[in-house]
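Residue numbers (my numbering): 2 to 306.
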């Protein structure tokens, strides 16, 4: 089956289906838990009490959706075929051939650690998230753990975002995330004092600077999207206070699909030193960022985290 043209089975709202949903068959290389637990996004949570063994729900692009899988069948709740083709296919990375990605990564090194990492992490897909939300999320992520990052972002959304209509989604995470991410205008209007009340801490100044730059047109996400040079895009992002190499790489990878972006923090630095003697060349190439995610997941998996 063509990875980019999965058969779409649509189920509209009915007495048996309070939320419309689509069903995609033959979806390979997509593990919901790995994808939403790997640290690339912070607004999806597992949902219990559903007909599916594993289901995650959250807010993306201003809408609550829920995803579940059974084998190679993927269910996406609160959407329809047109919206999927316009938005969710790209968001979920379902327009990328991950079999070809893995072949490319493995062709670059015969290091057994890389092969083990690809095997362990396979199923992770890089999401294409909203650039503004991704920028703010990874600014907040600095010197933070995932649980606290999620808590801060949730507080920001509840205080400064807009309520989302979740009718029909009660059985699919309707109580997980019900607010949009605050706009640059809402965040700028709130000011740094409110941000500090929301436990943003020293990052309040960074978020305020980011919002101001977006509102003044100094930081143009469309321009970054259309610029081919990843290094030039990173340089633009680093004009924002608090955005260094690692945060810029995360934004480029998780919002713009720049798979060559390779975020390096202390953790990944140790992984590269441990398995590759500090040389990243084995992971570099057009899919370096995906290789990074596999390595990160592999190391967490080994340590049972």
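Virtual Cβ for every residue (Gly too), placed ideally from N, Cα, C.
Legend entry - At least three beta-carbon pairs within less than 8 Å, the segment 210-228 to the segment 165-172: no
Inset, instruction - Given a cut-off of 9 Å, decide if residue 25 and residue 78 are closer than it, judged by their beta-carbon atoms. - result: no
Inset, instruction - Could you tell me how far apart the beta carbons of residue 341 and residue 153 are, in whole angstroms, since I believe they sit closer than 8 Å? - result: Only positions 2 to 306 of the chain appear in this structure, which leaves residue 341 out of reach.
Legend entry - Bridge partners - residue 59, DSSP secondary structure assignment: Beta bridge pairing from DSSP links residue 59 with 45 and 66.
Inset, instruction - Measuring alpha carbon to alpha carbon, tell me which of 250, 222 and 111 ends up nearest residue 276. - result: 111
Inset, instruction - Assign residue 17 to one of two classes, buried (16 or more other C-beta atoms within 10 Å of its C-beta) or exposed (fewer than that). - result: exposed
Inset, instruction - Please state whether DSSP places residue 76 in a helix, a strand or coil. - result: In the structure shown, the three-state DSSP call for residue 76 is strand.
Inset, instruction - Report all residues from its chain with a CB closer than 6 Å to the CB of residue 2; omit the five preceding and five following residues, and keep chain order. - result: In this prediction, residue 2 scores a pLDDT of 41, lower than 50, which makes its location untrustworthy; the coordinate-derived value is nonetheless stated afterwards. Cβ within range, chain order: 27.
Inset, instruction - Run the CB neighbour count on residue 186, radius 10 Å, all protein chains shown included, and call it buried at 16 or more, exposed below. - result: Residue burial annotation: residue 186 is exposed, with fewer than 16 other C-beta atoms found within 10 angstroms of its C-beta.
Legend entry - Chain-order list of residues whose beta-carbon lies under 6 Å from that of residue 174 (same chain, five-residue window excluded): 48, 58 and 67
Legend entry - Cβ separation of residue 188 and residue 212, assumed to be a contact under 8 Å, to the nearest whole Å: 5 Å
Inset, instruction - Measure the C-alpha to C-alpha separation of residue 46 and residue 61 and round it to an integer number of angstroms. - result: Per the coordinates, the alpha-carbon of residue 46 lies some 12 Å from the alpha-carbon of residue 61.
Inset, instruction - Put residue 100 into one of helix, strand or coil per three-state DSSP. - result: helix
Inset, instruction - Kindly give me the distance between the Cβ atoms of residue 260 and residue 121, rounded to whole angstroms, as I take these residues to be in contact under 8 Å. - result: Contact doesn't hold; Cβ gap of about 19 Å is too wide.
Inset, instruction - With distances taken Cα to Cα, identify the nearest neighbour of residue 207 among 264, 269, 147 and 143. - result: Selection 264, 269, 147 and 143 evaluated against residue 207 yields 143 as nearest (Cα-Cα).
Legend entry - Segments of 3+ residues assigned as beta strand (DSSP E) that fall wholly inside the segment 181-262: You should have found no qualifying run.
Legend entry - Touching by the beta-carbon criterion (3+ pairs, under 8 Å), the segment 283-301 and the segment 129-143: no
Legend entry - Entirely enclosed alpha helix (DSSP H) segments - the segment 136-177, minimum 4 residues: 147-161
Legend entry - Buried versus exposed call for residue 123 [16 or more other C-beta atoms within 10 Å across all chains shown]: buried
Legend entry - Pair within 9 Å by beta-carbon distance, residue 159 and residue 210: no
Legend entry - Contacting residues, own chain, Cβ-Cβ under 8 Å from residue 53 (five flanking each side not counted): In the same chain as residue 53, and ignoring 5 residues on each side of it, the C-beta atoms closer than 8 Å to its own belong to 69, 70, 71 and 76, in chain order.
Legend entry - residue 92 - DSSP class collapsed to helix/strand/coil: helix
Legend entry - Under 9 Å between C-beta atoms of residue 296 and residue 273: Here residue 296 is near residue 273, since their CB atoms are less than 9 Å apart.
Legend entry - Element boundaries [alpha helix (DSSP H), containing residue 25]: That residue, residue 25, is in no alpha helix (DSSP H); its beta strand (DSSP E) goes 22-25.
Inset, instruction - Would you tell me roughly how many angstroms separate the C-alpha atoms of residue 74 and residue 240, rounded to the nearest one? - result: 43 Å
Inset, instruction - State the start and end residues of the unbroken alpha helix (DSSP H) segment that holds residue 291. - result: It spans 289-303 - the alpha helix (DSSP H) in which residue 291 sits, taken as one unbroken run.
Inset, instruction - Just the C-alpha distance for residue 179 and residue 87, rounded to the nearest angstrom, thanks. - result: Whole-angstrom Cα-Cα distance: 22 Å.
Legend entry - Bridge-paired residues (DSSP) for residue 15: 18
Legend entry - Where residue 231 falls, given that 16 or more other Cβ within 10 Å makes a residue buried: buried
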